[in-house]
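To start, the structure under review is shown below, and the notes come after it.
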Amino acid sequence: MTIDATMVGREYAAAGSYQVGREKIREFADAIGDGNPAYRGDDAIAPPTFAFVIGSRALEQLLTDAELGLRLDRIVHGAQKFVYTRPIKAGDDIAATATITTVRKAGPVEVIMYETTLTTVDGEPIATATSTLSHNRADA
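Set out below in structure tokens:
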């Protein structure tokens with residue numbers, strides 16, 4: 001199946017919430033080589049790109065939607081932008097939902113824009129990420 005405009009608005013919720021731990025924040029900061037002390041200790045906040053760790057759980061649902069028929073070996077992850085209401089903090093319990101916002105075709109390439117919202121499980125907004133995927137359906 002090819003992707004078309006009827007798929008705009010589809011939502012994909014991550015399976016369960018994500019418990020943000022101080023150790024996970026520190027490990028992520030270490031992995032990206034950022035020694036900022038704000039990313040350590042009891043009141044640690046997460047680096048801005050940590051949101052992808054949480055949002056990727058909703059993205060997984062989008063990528064495995066059988067109706068979309070996407071193949072991971074034919075996807076390029078393009079632009080991504082994060083807008084924050086507040087930082088992600090150690091102790092947060094965060095829900096993530098990805099929503100397809102735009103679909104267009106350029107020859108055999110399908111361009112899918114999606115937005116991932118992160119909220120506490122109580123509904124407090126934390127961040128929104130907008131991202132682009134390019135999927136090529138052309139025969140290899």
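Residue numbers (UniProt numbering): 1 to 140. We put the CB at the ideal spot given by N, CA and C, even for glycine. Because the structure is a prediction, the values reported are computed rather than measured.
So, using beta-carbon positions, are residue i and residue j closer together than 8 Å?
| i | j | result |
| --- | --- | --- |
| SER134 | GLY69 | no |
| ALA14 | ALA58 | yes |
| ALA96 | ILE54 | yes |
| ARG26 | TYR39 | yes |
| GLU115 | THR132 | no |
| THR93 | VAL76 | It is Asp, not Thr, that sits at residue 93 in the sequence shown. Cβ distance not < 8 Å, so ASP93 and VAL76 don't count as in contact. |
| ASN36 | ALA29 | yes |
According to DSSP, is residue i part of a helix, a strand, or is it coil?
| i | result |
| --- | --- |
| ALA140 | In this prediction, ALA140 scores a pLDDT of 48, lower than 50, which makes its location untrustworthy; no coordinate-derived value is stated. |
Am I right that residue i and residue j are in contact with their C-beta atoms under 8 Å? What's the rounded C-beta distance?
| i | j | result |
| --- | --- | --- |
| THR111 | ASN136 | First, the amino acid is wrong: residue 111 is Val here, not Thr. Their Cβ separation, rounded to whole angstroms, is 10 Å, which puts VAL111 and ASN136 out of contact at 8 Å. |
| THR102 | VAL8 | 7 Å |
Report task. Write down every uninterrupted run of the alpha helix (DSSP H) in the UniProt domain "FAS1-like dehydratase" (7-128) whose length is 4 residues or greater and which is fully enclosed by it, in chain order. Result -> 22-31, 51-63
Query raised in the report: Given 8 Å as the limit, is there contact between the region 12-24 and the region 44-58, that is, 3 or more CB pairs closer than that?
Result: yes
Query raised in the report: Given 8 Å as the limit, is there contact between the region 123-134 and the region 82-89, that is, 3 or more CB pairs closer than that?
Result: yes
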